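Residue numbers (our numbering), protein chains in the order written: chain F, 1 to 331; chain E, 332 to 541; chain G, 542 to 731.
Just so it is clear, CB atoms sit at the ideal spot from N, CA and C, and this is done for glycine as well.
Just so it is clear, the structure is predicted and the values come from calculations on it, not from any experiment.
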Amino acid sequence: MQYKTRKERLVWLDIMITLLTLELMSYFYYGIRSVFLAGVCVVTGFAAELVSLRLMKRKFTADDLTCTSDALILALMFPAVMDYHISVIAVLFAIVVAKNLFGGRLNMIFSPAAAAYVFVLTSWERQLLQYTEPHIKTGIFETPSNLVKSASYVFDHTGTFDHSDFEVLLGNFSGPAGAVSILLLAVAAVVLMMRRSISAGAFLGTICGTGLFAVVTPMVSSRSDSLKYSLVTNMVLFSAIYIVSDLRIAPKRDYYAFFYGLFIGVISYVLVLTGAKENAIVIVSVLFTPIALGFKHLEKKIDTAAQEHAAETAADEAAETAAGEEAASHE
Amino acid sequence: MNDRKKAVLGGVLGDNIVLSGLMVISPVIICGDTLKNAEALIYAFSAITFLSVLISSFVPKKLPYTVKVIIYALISALVYIPVKLAAKEFYPESIERIGIYYPLLAVNSLIVFQTEAKFFRMKKTDMIISLISCIAGFDIVMLLTGFLRELFAYGTINSRIVDVNTLIGGLSQPFGGFIFLGLMCGAYRFIRGLVSGNNNVRSDADVSDK
Amino acid sequence: MFLINDLIALLAANLILSQALGTSTIFIAAGSRKNLVATAGVITIFTTVGSAAAYLIDLILQPSVSDLRLLFYTIVIGVLYAALLAAVYKFGNRWFEDLRRYIHLSAFNCAVMGTLFTINKRAAMDGTMFNLGGYVSAGFEAGIGFIIAALILTAAYRKLNSSKVPASFRGFPAMLVYLGIISMAVYSLK
């Protein structure tokens, strides 16, 4: 099935509502610092978009508000106590370099948030992958203390995950501010798929790919535990919704999108399994950009061929009708 | 600026070999992360290119193209030897860091291909001025890249520590070089478009993606 | 699983993404399918056969005269260049006009010469690689790496040259940034 083109502003609204609920949860666990960080990112993203569009001599429309959702996605992938300078640089990279340099929303190549996340990972890995424990609230300008590794890191390296299912569902374990609230993410995924604001094919493909390999080659002795923890750790669910299934990036047809997601899920799982690469799914989604572009190119070719075929059939039918009418008039 | 002046002096700004022609970009991307590396590369590139093109200009024009290209490459490979020996005296540390990119400077397209396409079609004096302007174009880009990447990646200028609030470590890596050079190319084209007042001719390729 | 890891390793060792060797050449190769196939094919021949010859040179050349290595490599590439042109002229005269520009383009550039020097450097560090098979397979791998990088660029070629990209960044600058971001993702996997 191919999605009908919906106005980007409506998709943005849906995405934004789900992101704000995640931000609310983040506020509950990490306090005002998390909200302030999100605010800094959103304001920076908005300003960067305005300036870029002005330089490109384009008008700002409501469709361009996607810059704020990209910035918020990025903020939710960061620790709540992330350095503000780094956050600002990351958002500038996302909006200016990964998005508008290639023509902005009209010509998207990379997911801005994913590209910026990998950028931060390569330059400030230590700051990016250290978190405060839930319920430890840091002041807006306070220097964070007692930083810990994420639950994903511990699981990837030791195969242990010391949190109850209830804690997992509510996101009560250390990790990125918005990517751990599993229950909310699951609800968001269902709502966004039903509203067609994300690519259902890509989302299901990612989940199936990760899940399938988690069962076939489990990370821990129990297959069910392997399946459960592989989906809730390493930002798999969050990335599957907001990065891999981004309508601007994923292939349009669900069939292709499914395989695109499936490959991302499988490869990122293998990277976590063999190299304990934390949050590998974000890196793989950037690496898979050429594949997504290839699928889109194929879709265009198929559409063109279908249109040509339809035009030919219509022309043949018209010719046949005309010939029939002519024969009838002769009789 | 008339056409002759443009052809002779364009190498610095109008038609910069790195930012416009995308020649010799590998050393800029990989080794242009500190001023010291930049200095060593500037020395090597300037010496090898200038001497090689100058000596190559005496190669008979009547020879087949392929033979001439091979001879130009051999001349630059020979010029490379004394230049490298001298560099061991002046830039011993940088040679180690620059590694394989040092000999690669000797097979740069300015020597191997531009000689035929551009330089040897000019009068000798024009050729020398044009060559110097092309070399200066590379040198300026290299210096600027080395300075900015060192400043923002390591927080130093020529190995002296300066106060930079947030360092971007990735800028010192190859991918940082790619992105930085891409941004520089874009900025260069933007400025060139503003200066020439021709905003339309800023791209080398234009494909409709419809 | 091992296949995926091998693929990642091949990407990580890619000479274009990790060492920027042959970047200018790849921009030309990615322009069309014909360019891509022809340039990648010729470069793979140069890197593979050139590596075999480079092995013989490295075997003979004393460390005290290592500065002569470039000269010998240049002679090797020069001979290969002339031989390939002659072979195409003799056996594929019909395609000579088409193919010769790819041979000219692929002979003396950073992709080929850089591969030879990289293999030499690797062999100097890892003695087990210092044999003809090691050199030839590394040369062939470099050619395959070139093809992969060219395919990565080809996938986005139209978008990077689209009229929607700001004029200042259209074409080469956008390609550089695009390759930079892919290279960044590869780097972060290490």
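Cβ-based neighbour list, residue i, same chain, cut-off 6 Å, excluding 5 preceding and 5 following
i, result
"residue 537 of chain E", "Because residue 537 of chain E carries a pLDDT of 38, less than 50, the predicted location of this residue cannot be relied on, and no value is offered for it."
"residue 256 of chain F", "295"
"residue 383 of chain E", "406, 407, 410, 442"
"residue 134 of chain F", "29, 172"
"residue 61 of chain F", "none"
"residue 31 of chain F", "137"
CA-to-CA distance, residue j to residue i, given in whole angstroms
i, j, result
"residue 589 of chain G", "residue 163 of chain F", "54 Å"
"residue 686 of chain G", "residue 29 of chain F", "46 Å"
"residue 466 of chain E", "residue 408 of chain E", "18 Å"
"residue 399 of chain E", "residue 307 of chain F", "53 Å"
"residue 713 of chain G", "residue 701 of chain G", "8 Å"
"residue 181 of chain F", "residue 41 of chain F", "20 Å"
"residue 279 of chain F", "residue 388 of chain E", "57 Å"
"residue 17 of chain F", "residue 10 of chain F", "11 Å"
"residue 491 of chain E", "residue 461 of chain E", "35 Å"
"residue 457 of chain E", "residue 392 of chain E", "18 Å"
"residue 39 of chain F", "residue 131 of chain F", "19 Å"
"residue 521 of chain E", "residue 259 of chain F", "40 Å"
"residue 717 of chain G", "residue 503 of chain E", "16 Å"
"residue 471 of chain E", "residue 544 of chain G", "45 Å"
"residue 618 of chain G", "residue 636 of chain G", "22 Å"
"residue 381 of chain E", "residue 575 of chain G", "36 Å"
"residue 27 of chain F", "residue 367 of chain E", "48 Å"
"residue 602 of chain G", "residue 610 of chain G", "8 Å"
"residue 679 of chain G", "residue 595 of chain G", "12 Å"
"residue 518 of chain E", "residue 715 of chain G", "12 Å"
"residue 236 of chain F", "residue 644 of chain G", "46 Å"
7 Å CB neighbourhood of residue i in its chain, flanking five on each side removed
i, result
"residue 276 of chain F", "156, 157"
"residue 96 of chain F", "48, 52"
"residue 361 of chain E", "432, 505, 508"
"residue 577 of chain G", "570, 571, 691, 695"
"residue 671 of chain G", "664"
"residue 86 of chain F", "120, 124, 127"
"residue 112 of chain F", "70, 94, 95, 98, 99"
"residue 14 of chain F", "192, 195, 197"
Neighbouring residues, chain G, relative to residue i (Cβ below 7 Å)
i, result
"residue 109 of chain F", "697, 700, 719"
"residue 119 of chain F", "725"
"residue 360 of chain F", "As shown, chain F starts at 1 and ends at 331. That puts residue 360 of chain F outside it, with no answer to give."
Partner residues on chain E for residue i, Cβ-Cβ distance less than 8 Å
i, result
"residue 295 of chain F", "Neighbours of residue 295 of chain F on chain E: none; closest Cβ ~15 Å, over 8 Å."
"residue 662 of chain G", "430, 431"
"residue 668 of chain G", "In chain order: nothing, as chain E lies at least about 19 Å away."
"residue 561 of chain G", "356, 357, 360, 361, 505, 508, 509"
Chain F residues whose Cβ lies nearer than 9 Å to that of residue i
i, result
"residue 542 of chain G", "213, 217, 270, 273, 274"
Cβ neighbours of residue i in the same chain (closer than 8 Å, five flanking residues each side left out)
i, result
"residue 355 of chain E", "348, 349, 376, 436, 439, 440, 441, 469"
"residue 731 of chain G", "553"
"residue 84 of chain F", "37, 40"
"residue 533 of chain E", "Confidence at residue 533 of chain E is low in this model, with a pLDDT of 42, below 50, so the placement of that residue should be treated as unreliable; the coordinate-derived value is given next. 520, 521, 523, 524."
"residue 598 of chain G", "610, 613, 614, 617"
Beta-carbon neighbours of residue i, restricted to chain F and to distances below 8 Å
i, result
"residue 554 of chain G", "Result: empty, since nearest Cβ-Cβ is about 15 Å, beyond 8 Å."
"residue 703 of chain G", "103, 107"
"residue 693 of chain G", "290"
Chain-ordered neighbours of residue i on chain G, where CB pairs are closer than 8 Å
i, result
"residue 397 of chain E", "622, 623, 626, 645"
Proximal chain E residues relative to residue i, where beta-carbon distance stays under 9 Å
i, result
"residue 565 of chain G", "352, 353, 354, 355, 356, 357, 440"
Contacts of residue i in chain F (Cβ-Cβ under 7 Å)
i, result
"residue 706 of chain G", "102, 103, 107"
"residue 710 of chain G", "101"
"residue 715 of chain G", "101, 102"
The stretch 642-658 of chain G contacting the stretch 552-568 of chain G, beta-carbon criterion three pairs below 8 Å
yes
Return the residues of the stretch 718-730 of chain G that lie within a Cβ-Cβ distance of less than 8 Å from chain F, sorted by chain order.
718, 719, 722, 723, 725, 726, 727, 728, 729, 730
Take every Cβ of the stretch 705-714 of chain G, pair it with every Cβ of the stretch 87-103 of chain F, and state whether three or more of those distances are shorter than 8 Å.
yes
Interface positions of the stretch 74-86 of chain F facing chain E (Cβ-Cβ less than 9 Å), listed along the chain:
83, 85, 86
In the stretch 601-614 of chain G, which residues sit with their C-beta less than 9 Å from some C-beta in chain E, listed in chain order?
608, 609, 610, 611, 612, 613, 614
Looking at chain F, which residues of the stretch 490-519 of chain E have a Cβ within less than 9 Å of any of its Cβ atoms?
496, 497, 498, 499, 500, 501, 502, 504, 506, 507, 510, 513, 514, 517
The stretch 649-660 of chain G: which residues have C-beta closer than 8 Å to a C-beta of chain E, in chain order?
649, 650, 651, 654, 655, 658, 659
Can you give me, in chain order, the residues of the stretch 461-486 of chain E that have a beta carbon less than 8 Å from any beta carbon in chain B?
Within the model displayed, chain B is absent; protein chains F, E and G are what it includes.
Give me the subset of the stretch 121-141 of chain F whose CB atoms are less than 8 Å from a CB atom of chain E, sorted by chain position.
122, 123, 124
Would you say the stretch 203-212 of chain F touches the stretch 53-68 of chain F, given that touching needs at least three Cβ pairs under 8 Å?
no
The stretch 134-147 of chain F contacting the stretch 221-239 of chain F, beta-carbon criterion three pairs below 8 Å
no
Give the residues from the stretch 564-598 of chain G that approach chain E closer than 9 Å (Cβ to any Cβ), ordered along the chain.
564, 565, 568, 572
Listed in chain order, which residues of the stretch 401-412 of chain E have Cβ atoms closer than 9 Å to some Cβ of chain G?
401, 402, 403, 404, 405, 407, 408, 409, 411, 412
contact_flag[the stretch 244-253 of chain F, the stretch 286-295 of chain F] where n(CB pairs < 8 Å) is 3 or more
yes
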